[in-house]
Structures are given as structure tokens and as C-alpha cells.
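Enquirer: Have a look at this one.
Protein chains: 2
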Amino acid sequence: MPKIVNHEERKKQIAEAMWRVILDKGMEGATVRNIAEEAGLSLGALRHYFSNQDDLLVYAMTLVQERATDRIEAVAKQNLPPKEMVLAVLLEIVPVNQETLAEMEVWFAFMAHVNHRREELNIPDDGIVTGVHKIIAYLDNVGLLKEGLDLDLEMERLYAIIDGIAIHALFGAGRLEAERVKKTLQYHIDSICVE
Amino acid sequence: MPKIVNHEERKKQIAEAMWRVILDKGMEGATVRNIAEEAGLSLGALRHYFSNQDDLLVYAMTLVQERATDRIEAVAKQNLPPKEMVLAVLLEIVPVNQETLAEMEVWFAFMAHVNHRREELNIPDDGIVTGVHKIIAYLDNVGLLKEGLDLDLEMERLYAIIDGIAIHALFGAGRLEAERVKKTLQYHIDSICVE
């Protein structure tokens with residue numbers, strides 16, 4: 001390998017190869033051998049970066065999470081009006097394009113794969129609970145929430161809507177398209193906000 | 001094998017053995033060999049009922065779906081007041097006890113496993129879209145829905161809430177307990193219904 005390739009860059013390339021293998025062959029096809037082949041590396045070279053499949057799995061999950069966080073931070077900096085900003089942030093989480101659909105598919109494949117042994121692995125949090133707390137607190141702070149809402153249950157409800165929409169966009173065989181995802185989220189935000 | 005065992009009964013036992021293996025070892029442990037061992041059958045005997053893992057997978061998914069449908073129909077026959085009935089039906093879908101948690105875990109393991117080739121397999125629908133349509137139409141028919149709601153988007157929103165709650169109860173490492181699931185669903189139903 002040329003030394004010019006940064007260690008972290010190489011790890012990212014391997015994780016991205018893992019994503020592609022999962023999207024193409026499912027989690028059961030995501031063997032270290034297949035991932036090495038997809039990444040154009042020998043098994044030995046791959047093991048230099050990740051000593052086993054679990055290390056790679058946790059790293060690849062973390063990377064999915066970091067990318068989503070980066071996109072959300074970019075949206076938050078755009079100085080949109082509050083309701084538009086909230087909707088724009090939500091649309092970076094739920095799958096409305098090929099990139100976010102792929103991320104979500106990989107994330108669910110990971111979760112289904114590791115769930116029965118999540119105690120032994122150091123699974124990254126997807127950060128959505130924290131994000132949803134921030135969104136509800138933000139709408140409250142700018143005075144947009146309707147009177148009499150239970151903020152704690154609004155958080156739980158919005159969190160459920162986000163992940164429910166995400167899995168329906170993913171597993172729904174095309175029923176829930178991007179436009180309908182947007183309408184549903186807009187409808188929900190409007191239902192908890194004053195005009 | 002004793003002839004007294006009915007063919008359908010035996011198929012159910014095998015599917016249930018598959019569920020247990022998935023709950024214990026994850027989808028990657030659900031090999032035909034492991035399932036046969038869990039069911040107390042030889043590989044040959046298992047193949048008499050299911051010629052390959054895909055046949056067994058589709059059958060086991062169908063069985064999860066049928067069980068949930070049976071429970072919901074039983075609730076619907078109980079003649080509860082409308083809002084209570086709706087809540088009781090929802091609580092048969094989302095995981096609030098060991099049985100429904102296990103069903104949901106198996107269902108998501110199935111979905112994550114088959115999603116990338118769902119076109120070639122005959123995957124049963126989970127029936128929740130239809131159920132949610134019925135719930136919203138029912139609340140509308142008995143005059144309980146608030147004025148001015150968009151019934152189509154209410155359907156989409158309730159559907160998202162159900163599956164979002166389901167995955168949070170499942171993957172949330174104990175954060176979302178049964179009591180909080182009930183409160184959130186009750187809160188949502190109250191928010192779209194008149195007093």
C-alpha cells in the first residue's frame with residue numbers, strides 16, 4: 001500500500017466497502033473476505049486495520065452516525081426560519097434520497113445483526129433521542145409550541161415518527177416516497193405548533 | 001416420527017424453533033442445522049417440511065403475522081368503549097411483553113435479512129397498514145376524531161408511531177418500557193380525538 005493513504009482514510013474506505021457489501025448481499029454476505037475483496041485489499045491488509053468483523057462493524061456504525069450528525073449541523077447553520085429548519089433537520093435523518101436510504105438500510109442491518117449481543121459490543125447510539133430533545137426544546141424556546149403539550153411525550157412521539165417513517169421508507173417497497181415523508185413530517189410539526 | 005403429529009403442527013414447531021434460534025443467536029445463527037437441532041429433528045426430517053431456509057423463513061414470518069392478527073381480532077370482539085378498544089388493539093401490535101417483544105425482534109431480523117431480495121421471495125405483509133386504516137376509519141365513523149384532520153396523513157402518522165415505538169421498545173435497551181409505550185399511544189389517541 002502506498003504510505004500516502006492516511007490510516008483513518010483507509011479505515012473509512014473499508015467501512016464504506018462494508019456498506020456496499022451489505023446493500024448488495026445483505027448482512028449475511030458481509031464476511032471479512034467479501035469486504036476485503038470489495039475494498040480491493042488482501043485479508044491480511046484488512047486485518048491490519050480491523051482485527052475482526054466486530055471491530056469493523058462498530059466502526060462502520062459509528063461512521064454512519066457521524067455522517068448524519070455532520071449533515072444536520074450543516075443544516076442548523078443555514079439560518080432558516082424555525083419551522084423550516086426543524087423540517088430540514090428531520091429530512092436529514094429520515095431516508096428521502098439514495099444516500100440516506102442506503103445509510104438507513106445499513107443501520108438497520110447492523111442493529112438487527114448486533115441486537116442480541118449489544119451488551120458485549122460497544123454499539124454507538126444513533127444520536128436521534130438527543131436530537132429530538134433538542135428539536136422540541138428549540139420549538140418551545142422560540143415560542144412555537146401550542147399550549148398544553150406534554151413535552152416529554154412530544155419528544156417520545158416525534159422520535160417514534162422519525163424512526164417509523166424511516167423503516168417504512170426503507171422496507172415499504174416504494175409505498176412511502178420522499179414527497180409523502182415530507183408531507184407527514186410537515187403535518188406533524190404543524191399539528192404541535194401555533195400558526 | 002409418530003404419525004400422530006399433524007403436518008401443520010410440525011411446521012409450526014419448526015418455525016417456533018427458528019424463532020428461538022434467532023432470539024438466541026441472531027439471524028446469522030439461524031442455519032438449517034441449528035434450527036433442526038433446536039426442533040429436535042434430523043436435517044432430513046426438517047427438509048421434509050421445508051426444502052430450504054427461504055421456505056422456512058417465509059413460513060415463520062407468516063406465522064408471526066397470523067398470531068398478531070388473531071390477538072387483535074380477539075381484542076376487537078371484547079366490546080370495549082371505542083378509545084379503549086383502539087388502545088388495546090395498538091398494545092397487541094407494539095411490544096409490551098415478552099411475547100410481543102420476541103415476535104417483533106424476530107420480525108425485524110427477518111426483514112433486515114430478506115429486504116435486499118424481497119422481490120424474489122414472497123414476503124408476507126405485516127398487515128399494519130390495513131389495520132391502521134381501519135383504526136382511523138373507525139374513530140372517524142364513531143365521531144371521535146377532531147375536526148379538520150387530514151385522515152390520510154393521520155393514517156401515515158399513526159403507522160409511523162406504531163413501528164417507531166416498536167423498534168424503540170426493541171432496540172432501545174430498556175429505555176422505552178411498557179408503561180411509557182402505553183402513555184405515548186394514549187397521548188397520541190387523545191391528541192386526535194375529542195374529549
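Sequences listed follow chains A and B, in order.
For the first sequence, the residue numbers in full-length UniProt numbering are 1 to 195.
For the second sequence, the residue numbers in full-length UniProt numbering are 1 to 195.
A virtual CB, placed ideally from N, CA and C, is assigned to each residue, including glycine.
Keep in mind that this is a model prediction, so the values were computed, not measured.
1) Under 8 angstroms between beta-carbons, which chain B residues line up against A/E28? List them in chain order, please.
2) Identify whether B/L121 lies in helix, strand or coil by the three-state DSSP scheme.
3) Please return the same chain residues whose Cβ sits closer than 6 angstroms to the Cβ of B/I72, not counting the five positions on each side in sequence.
4) Compile a chain-ordered list of the residues in the UniProt domain "HTH tetR-type" (8-68) of chain A whose CB is closer than 9 angstroms to at least one CB of chain B.
5) Determine, for B/A109, whether the minimum Cβ-Cβ distance to residues of chain A falls below 8 angstroms.
6) Alpha carbon to alpha carbon, what distance is there between A/K182 and A/Y138?
7) Listed in chain order, which residues of the stretch 79-94 of chain A have Cβ atoms closer than 8 angstroms to some Cβ of chain B?
8) Quick test of the definition: if touching needs 3 or more C-beta pairs under 8 angstroms, does the stretch 72-85 of chain B touch the stretch 19-32 of chain B?
9) Taking the alpha carbon of A/F110 as the reference point, which residue from A/E120, A/L57 and A/I161 has its own alpha carbon closest?
10) Look at the Cβ atom of B/V94, then the Cβ atom of B/A166, and state whether they are nearer than 8 angstroms.
11) In three-state terms, what does DSSP make of B/L91?
12) Kindly indicate which three-state DSSP category A/L41 falls into: helix, strand or coil?
13) With 8 angstroms set as the bound, which would you pick, yes or no: does the beta-carbon of A/R157 sit closer than that to a beta-carbon of chain B?
14) Pairing CB atoms from the stretch 13-23 of chain B with CB atoms from the stretch 96-108 of chain B, are three or more of them under 8 angstroms?
15) Please return the same chain residues whose Cβ sits closer than 7 angstroms to the Cβ of residue 197 of chain B, not counting the five positions on each side in sequence.
16) Taking B/R157 as part of the alpha helix (DSSP H), name the residues at either end of that continuous run.
17) Checking 8 angstroms against the spacing of the C-beta atoms, do B/I14 and B/L63 come in under that value?
18) For B/L63, name the three-state secondary structure that DSSP assigns.
19) Considering only DSSP beta bridges, list what A/L145 is partnered with.
20) Since A/H188 meets chain B, which of its residues come closer than 8 angstroms, beta carbon to beta carbon?
21) Return the first residue and the last residue of the alpha helix (DSSP H) that residue 198 of chain A is part of.
22) Quick one: which chain B residues come within Cβ less than 9 angstroms of A/E105?
23) In or out: A/H48 buried (at least 16 other Cβ within 10 Å) or exposed?
24) If we ignore side chains and look at the alpha-carbon of each, how far apart do B/R117 and A/A39 end up?
25) Less than 8 angstroms between C-beta atoms, sequence neighbours within five positions excluded: which residues of the same chain meet that for A/P124?
26) I want to verify the contact list: residues of chain B whose CB lies under 8 angstroms from the CB of A/D150, in sequence order.
27) Can you name the start and end residues of the alpha helix (DSSP H) that A/R20 belongs to?
28) At a Cβ threshold of 8 angstroms, is B/H168 touching chain A?
29) How would you call B/E156, buried or exposed, if buried means at least 16 neighbouring beta carbons within 10 angstroms?
30) Give the straight-line distance between the Cα atoms of B/K83 and B/L149, rounded to the nearest whole angstrom.
31) At 7 angstroms on the CB atoms, spell out the chain A contacts of B/K183, in chain order.
32) Which chain A residues are close to B/D163, counting only those with a beta carbon under 7 angstroms from its beta carbon?
33) Taking only three categories from DSSP, how would you classify B/K77?
34) Would you say A/T160 faces chain B, with C-beta separation under 8 angstroms as the test?
35) Inspect the beta-carbon positions of A/D55 and B/G164 and report whether they are closer than 8 angstroms.
36) Using the Cα positions of A/N115 and A/E16, report the straight-line distance between them to the nearest angstrom.
Expert: Reading off the structure:
1) M27, E28 and H113
2) coil
3) V89 and E92
4) I22, L23, D24, K25, G26, M27, E28 and G29
5) yes
6) 20 angstroms
7) none
8) no
9) A/L57
10) yes
11) helix
12) coil
13) yes
14) yes
15) Summary: the structure shown does not reach residue 197 of chain B, with chain B confined to residues 1 through 195, and so no result is reported for it.
16) L151 to F171
17) no
18) helix
19) A/C193
20) R157
21) Since the displayed chain A opens at 1 and closes at 195, residue 198 of chain A lies outside it and no answer follows.
22) A112, N115 and H116
23) exposed
24) 23 angstroms
25) V58, M61, T62 and Q65
26) Y187
27) H7 to K25
28) yes
29) buried
30) 17 angstroms
31) L153
32) G164, I167 and H168
33) coil
34) Here residue 160 of chain A is Ala; the residue named in the question, Thr, does not match the sequence. Cβ-Cβ to chain B under 8 angstroms: yes for A/A160.
35) no
36) 21 angstroms
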